[in-house]
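Numbering (our numbering), first residue to last: 129 to 363. Beta carbons are placed, not taken as given, at the ideal position from N, Cα and C, and that holds for glycine. This structure is a prediction, so every number in the text was calculated from the model and none was measured. Written out below as structure tokens is the structure these notes cover.
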Ligand code: 13P
């Protein structure tokens with residue numbers, strides 16, 4: 129399974145180093161077989177010596193090698209550290225920072241062409257969820273417009289906006305129903321994200337079409353994150 133942590137705008141370079149070392153040690157001691165992904169903020173990108181199943185990725189980058197894009201990083205800044213994993217289309221980038229579907233697709237195409245592992249995020253806002261499952265499906269599928277779903281290094285994260293950072297996870301039934309419908313279109317691994325906690329990890333990972341979790345808030349504490357890895361190991 130894939131157990132992923134999105135630090136968002138949390139942790140420093142120093143605390144990320146301590147965090148990664150803890151995760152590395154924990155996975156080694158427990159001989160964890162999980163795919164563990166961690167997305168620290170851009171200021172903490174660095175060269176990390178890790179086994180193949182633990183990977184550090186970037187939360188965002190501009191689809192360019194280098195250039196004049198103030199505040200952004202490009203391929204050159206990522207490659208300095210040999211990083212090969214990227215998050216694209218997170219709802220905070222779409223809804224807070226105004227990233228369009230067109231830009232998400234451009235980023236996807238660019239980093240696909242560079243052979244990156246891409247965690248591509250989709251998810252509906254609350255008013256769409258309230259409109260019912262058909263509206264949810266239509267909305268999520270629209271967020272796949274321009275995305276090559278046949279890319280072998282694609283992972284899709286279903287993260288309903290109303291469940292992110294709210295402490296209110298989607299229910300097992302809602303996740304199950306949505307992932308089952310998405311599975312008809314998406315063959316890539318499917319993650320769920322949105323207020324996942326150690327206490328809810330098992331029931332979510334047991335959902336048939338769920339291949340892992342993408343965790344924000346709860347995972348910023350390394351003990352919680354290790355606990356989630358351990359839970360995945362027991363399944
Ligand atoms: P929370 O776990 O804080 O709800 O965040 C989920 C998320 O957005 C992961 O990308």
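DSSP-derived helix/strand/coil call for residue i
i	result
residue 352	helix
residue 216	strand
residue 265	helix
residue 201	coil
residue 314	coil
residue 443	With the chain represented from 129 up to 363, any question about residue 443 goes unanswered, as that position is not in the structure.
residue 132	strand
residue 342	strand
residue 300	helix
residue 309	helix
residue 238	helix
residue 276	coil
residue 228	coil
residue 196	coil
residue 360	helix
residue 334	coil
residue 191	coil
One or two residues paired with residue i in a DSSP bridge
i	result
residue 285	249 and 319
Whether residue i touches residue j by CB criterion (8 Å)
i	j	result
residue 271	residue 217	yes
residue 197	residue 168	no
residue 269	residue 286	no
residue 282	residue 319	no
residue 252	residue 289	yes
residue 162	residue 361	yes
residue 335	residue 300	yes
residue 328	residue 297	yes
residue 146	residue 164	no
residue 277	residue 316	yes
residue 333	residue 148	no
residue 185	residue 215	yes
residue 140	residue 189	no
residue 247	residue 170	no
CB contact below 8 Å: residue i versus chain D
i	result
residue 179	Going by chain labels, chain D is absent from the structure shown, which holds only one protein chain.
Alpha helix (DSSP H) runs wholly inside the stretch 134 to 186, at least 4 long, in chain order: Uninterrupted alpha helix (DSSP H) stretches at least 4 residues long and entirely within the stretch 134 to 186 occur at 141 to 157, given in chain order.
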